[in-house]
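Asks:
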Amino acid sequence: MSGAKPGVDTAVDLGGIRLRNPVLTASGTFGYGTEFAPFLDLRRIGGFVAKSLTLEPRVGNPPPRIAEAPSGMLNAISLENVGVDAFIREKLPAIPDRVTVIASVFETEIERYAEVCQRLAGVPGVAGIEVNASCPHVKSGGIEFGQRADLLGPLVRATRRASEVPLLVKLSPNVTDIVEMARVCEGEGADGISLINAVQALEVDVETRRPVLSNILGGLSGPAIRPIALRMVWQVARAVALPICGIGGIAGPEDAIKFLLCGATAVQVGTSNYLNPAIAGEVADGISSYAERHGFARVTDLVGALESWQI
Ligand SMILES: Cc1cc2nc3c(=O)[nH]c(=O)nc-3n(C[C@H](O)[C@H](O)[C@H](O)COP(=O)(O)O)c2cc1C
């Protein structure tokens, strides 16, 4: 049962992707959707972003590849996924009707990113593509595509050309100037921007005197990164006209509402799915209740409604 209040219009348009409400789940934290179906009616949320796909199936880093962190977690799962063809053949058909699915793509070279997008283009059930720009560019010595404008521009251009479905670009927070990267996406024809991915981090075990992760570096996610994510969403919303999908540490409805107020049109729930697999539904219901309680007829009226201090 959806908790949407009768008087509140919860629908949003995320760069051409129509969502029944603004709550998605984040790539890599929600499998291919079906894993969570026993715990959450997927029609209660706006949709989900599937685990990022590569051309061929990949195994990720060896363990240990996840660890606890204060108010969050570290992960270095890397490229593990079933591959784009198995996703289309086996995973998509298993998803119930009327569930909005956004496919996520990552690769190590631009041509390969574009090839994955081409294979997804026009596949029934794929409402949009999210390009994960946090993958290391092998030819540039491992720097993430989303960390350099001269890598990000050609990536967005090539993936834009590869498919006509709505294209979101998911930015890396591991940059000095997130607005510069958002402007690159806008200039190259992206339909929306998702931000943020996990924040690059390191944790150490003093007993073994080793990094806790086999990969040494990992991505920090969960409530620890939420204020960073809010800051970046706010900065980008002021600088570009594209719709934004806010991600980072959402653990309840209030957190999601903060992202909407800072200018996000929709949000994604990530790490919190591990603590409560039904959390995304609760977030969706809570946004609707908040809108009703505060006299907003439409959830879109909350977008960018942050008040400033009058000094
Ligand atoms: C275990 C794990 C795996 C992830 N895998 C992906 C992935 O494949 N693609 C991607 O774009 N982001 C991936 N992410 C990043 C999340 O989608 C999200 O951007 C990040 O965790 C911040 O949101 P959160 O604090 O709500 O988790 C992953 C995160 C975690 C914790």
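Numbering that gives the first Met the number 0 applies: residue 0 is where the sequence shown begins, and numbers increase by one. Backbone N, C-alpha and C define an ideal beta-carbon position, used for all residues, glycine too.
With DSSP as the reference, label Thr9 as helix, strand or coil.
Replies: Looking at Thr9 - three-state DSSP - the assignment turns out to be coil, as it is neither helix nor strand.
Asks: Are Ser70 and Ala223 touching if we call contact CB-CB under 7 angstroms?
Replies: For Ser70 and Ala223, yes; Cβs fall inside 7 angstroms.
Asks: Out of Arg182, Asn20, Glu34 and Arg225, which one is the CA nearest neighbour of Gly191?
Replies: Minimum Cα distance to Gly191 is reached at Arg182.
Asks: Between which two residues does the beta strand (DSSP E) containing Cys244 stretch?
Replies: Looking at the DSSP string, the run of the beta strand (DSSP E) that includes Cys244 is Ile243 to Ile246.
Asks: For Phe47, which of helix, strand or coil comes out of DSSP?
Replies: Of the three classes helix, strand and coil, the one that applies to Phe47 here is strand, per DSSP.
Asks: Looking at ligand 1, does it come within less than 6 angstroms of Ser103, judged from the CB to the closest heavy atom?
Replies: Yes - ligand 1 has a heavy atom lying nearer than 6 angstroms to the Cβ of Ser103.
Asks: Among the residues of its own chain, which have a CB less than 6 angstroms from the CB of Gly188, if the five just before and after it don't count?
Replies: Contacts found: Arg159.
Asks: Using 10 angstroms around the beta-carbon of His136, count the other beta-carbons present and answer buried if the total reaches 16, otherwise exposed.
Replies: When all chains shown are included, His136 counts as buried.
Asks: Return the CA-CA distance between Ala15 and Pro165, expressed in angstroms with no decimal places.
Replies: The amino acid occupying residue 15 in the given sequence is Gly; Ala does not appear at that position. Taking the straight line joining both Cα atoms gives about 6 angstroms.
Asks: So, does the CB of Ile278 fall closer than 7 angstroms to a CB anywhere in chain B?
Replies: The displayed structure is made up of one protein chain only, and chain B is not part of it.
Asks: State the DSSP-derived secondary structure class of Asp204, mapped to helix, strand or coil.
Replies: Correct three-state label for Asp204: strand.
Asks: Helix, strand or coil: how does DSSP classify Gln234 here?
Replies: DSSP places Gln234 in helix when its eight states are reduced to three.
Asks: Could you check where the alpha helix (DSSP H) with Ser288 kicks off and where it finishes?
Replies: It spans Ile278 to Arg292 - the alpha helix (DSSP H) in which Ser288 sits, taken as one unbroken run.
Asks: Give the DSSP-derived three-state secondary structure of Arg17 in the structure shown.
Replies: The answer is strand: DSSP assigns Arg17 an E or B state.
Asks: Take Leu324 as the anchor and find which of Ile87, Glu114 and Gly27 has the nearest alpha-carbon.
Replies: The shown model of the chain, from 0 to 310, leaves out residue 324, and the question about it has no answer.
Asks: Within 6 angstroms: the Cβ of Asn214 and any heavy atom of ligand 1?
Replies: Not so, every heavy atom of ligand 1 lies at least 6 angstroms from the Cβ.
Asks: Considering just the uninterrupted stretch of the beta strand (DSSP E) at Asn275, what are its terminal residues?
Replies: Asn275 -> no beta strand (DSSP E), and no H or E assigned at all.
Asks: Between Met180 and the rest of its own chain, which residues show a CB-CB distance below 7 angstroms, the 5 nearest in sequence each way excluded?
Replies: For Met180, where only same-chain residues beyond five positions count, the Cβ hits under 7 angstroms are Gly145, Ala148, Leu151, Leu170 and Val174.
Asks: In chain order, what residues of the same chain have a beta carbon less than 6 angstroms from the beta carbon of Val130, not counting five sequence neighbours either side?
Replies: Within the same chain, Val130 has close Cβ partners Val104, Thr158 and Val168.
Asks: Taking the C-alpha atoms as reference points, what is the distance between Asp84 and Pro153?
Replies: The alpha-carbon atoms of Asp84 and Pro153 are separated by roughly 24 angstroms.
Asks: Closer than 6 angstroms by C-beta to Glu163: which residues in its own chain qualify, once you throw out the five before and the five after it? Chain order, please.
Replies: Cβ within range, chain order: n/a, list empty.
Asks: Nearest by alpha-carbon distance to Ala277: which of Asn196, Tyr112, Ile44 and Ile310 is it?
Replies: For the residues Asn196, Tyr112, Ile44 and Ile310, the minimum Cα distance to Ala277 belongs to Ile44.
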